[in-house]
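>
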Amino acid sequence: MFREKHPNLKIGQRAFEKMRPLNVKHVSESSRVTCLCSVCCNMTQKTEALKSFILSLPSYGGEVAEKHQHAIENLVQLVKSGSVNSSGVTNLTLCQHSDFYPKAECLKRDCSKCGPDMLDVHLKELLELKDMKIQWRKWEYGTVEIGDGQTKTKMK
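Its first residue numbered 399, the sequence shown is counted upward by one per residue in this note's numbering.
In structure tokens, the structure reads:
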């Protein structure tokens with residue numbers, strides 16, 4: 399692309415890369431597909447809590463471990479396979495897509511074929527553990543006192 403725009407400049411790829419200013423950062427694939435909005439951050443917090451919870455299940459022992467041994471083994475295997483991450487769990491709630499990005503109607507939750515209820519199917523073993531609770535952190539807007547009786551709304 400650069401050579402098409404500037405055909406008179408004779409410079410090789412390596413020389414061009416060496417001339418990169420220090421303030422220009424390399425771009426990795428992960429930095430191009432990362433979102434830091436509250437919805438995505440909350441999804442990441444939930445999946446991290448889910449992974450920690452699942453990996454802690456074998457340590458419960460006793461009646462819980464005996465009653466749900468098969469479910470616990472399946473869930474631990476799911477986490478170890480790397481399938482439990484924010485994009486993986488989110489993709490479980492969307493229609494299958496052949497492109498890199500899902501359809502906009504699925505992301506907006508306007509699609510009648512997909513949605514968060516699909517997690518019930520994929521994580522049915524986890525739903526068997528009804529008597530256990532998973533806790534996670536959540537980014538949310540709140541009112542914070544900033545002094546002299548003044549308040550401000552911000553992420554907390």
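Ideal Cβ placement from N, Cα and C applies to all residues, glycine included. These numbers come from a predicted model, not from an experiment.
Tell me, please, which residues DSSP counts as bridged to residue 540.
Answer is 552, bridged to residue 540.
> Would you call the region 416–426 and the region 497–517 in contact, with 3 or more CB pairs under 8 Å?
no
> Between the C-alpha atoms of residue 494 and residue 513, what's the straight-line distance to the nearest angstrom?
12 Å
> By DSSP, does residue 513 sit in helix, in strand, or in coil?
Under the three-state reduction of DSSP output, residue 513 falls in the coil class, being neither helix nor strand.
> Please list the segments of the alpha helix (DSSP H) lying wholly inside the region 472–499, counting only runs of 4 or more residues, in order along the chain.
484–490
> Alpha carbons only, please: which of 492, 533, 408, 451 is nearest the one belonging to residue 519?
492
> Could you check the C-alpha separation between residue 414 and residue 402 for me, to the nearest Å?
Their Cα atoms are separated by approximately 15 Å.
> Start and end of the alpha helix (DSSP H) containing residue 531?
That residue, residue 531, is in no alpha helix (DSSP H); it is neither H nor E in DSSP.
> At the level of alpha carbons, what is the spacing between residue 523 and residue 484?
19 Å
> Would you decide whether residue 541 is buried or exposed? Buried here means 16 or more other CB atoms lie within 10 Å of its CB.
exposed
> Got a sec? Which residues, its chain only, sit under 6 Å from residue 534 by beta carbon, not counting five neighbours each side?
443, 444, 447
> Please confirm whether residue 516 and residue 476 have their CB atoms less than 7 Å apart.
no
> Could you check the C-alpha separation between residue 543 and residue 472 for me, to the nearest Å?
If you take the alpha carbons of residue 543 and residue 472, they lie about 46 Å apart.
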